[in-house]
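Take a look at the structure below.
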Amino acid sequence: LAGLSKGSGDDHLLIDSEEHDSHHHPLTGGHLATQSLPPKWVDTVDNINSVLVEIKRLMSVLNTLHSNRLGSVFGRDLESKESEIESITAEITDCFRNA
C-alpha cells in the first residue's frame with residue numbers, strides 16, 4: 008500500500024510495508040491467517056457431488072442389470088436378477104434422499 012497518493016487525506020490508512028510485518032492486520036491488531044477455511048457450503052457441495060458420482064455409477068450398474076434381465080426371460084436366475092435390480096434401485100433412491 009506504500010506509494011499510494013498521500014494527498015488524499017487518508018494518510019492514516021496507509022501502511023508502510025517496511026515498518027509492519029506483512030501478516031499484521033492493522034484493524035484487528037493481530038496476524039492474518041495465511042490460509043482460511045472455505046465456507047460450510049463448500050463441504051455440502053462436495054458431499055452432493057460425491058453422491059452424484061455414486062448415483063451415476065449405480066445407474067450404470069442398473070442399466071446393465073436391466074439389459075441382462077431382458078435377455079433372460081426364461082432363465083433360472085430371473086428372480087435373483089429382479090431382486091438385484093430392486094436392491095440397486097432402492098440404493099439409488101436412498102442416495103437421493105440422503106443427499
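If you want our numbering, it's the 1-based position in the sequence shown plus 7. We put the beta carbon where it would ideally sit given N, CA and C, even for glycine. Note that the structure is a prediction, hence the values are computed from the model and not measured.
field: C-alpha distance - A106 paired with N54, whole-angstrom precision
entry: By one-based count along the sequence shown, residue 106 stands at place 99. By one-based count along the sequence shown, residue 54 stands at place 47. The alpha-carbon atoms of A106 and N54 are separated by roughly 8 Å.
- prompt: Considering only residues of the same chain and omitting the five flanking positions on each side of H73, which have a CB-CB separation below 8 Å?
  reply: Locating residue 73 in the sequence shown gives position 66, where the first residue counts as 1. Residues I92 of the same chain have their beta carbon placed closer than 8 Å to that of H73, with the five preceding and five following residues left out of the count.
query: Quick one: Cα of I99 to Cα of L65, how far?
result: Taking the sequence shown and counting its residues from 1, the one referred to as residue 99 is at position 92. Taking the sequence shown and counting its residues from 1, the one referred to as residue 65 is at position 58. The alpha-carbon atoms of I99 and L65 are separated by roughly 7 Å.
- request: Excluding the 5 residues preceding and the 5 following N75 in the sequence, name in chain order all residues of the same chain whose CB lies nearer than 8 Å to its CB.
  value: Numbered from its first residue, the sequence shown carries residue 75 at position 68. Hits under 8 Å: K88.
message: I'd like the ranges of any alpha helix (DSSP H) spanning at least 4 consecutive residues and lying wholly in the region 42–104.
response: List check, alpha helix (DSSP H) in window: 47–78.
- request: Quick one: measure Cβ to Cβ for I95 and V68, integer angstroms, because I've assumed they're closer than 8 Å.
  value: Indexing the sequence shown from 1 puts residue 95 at position 88. Indexing the sequence shown from 1 puts residue 68 at position 61. Right, the Cβ-Cβ distance comes to about 6 Å (below 8 Å), so this counts as a contact.
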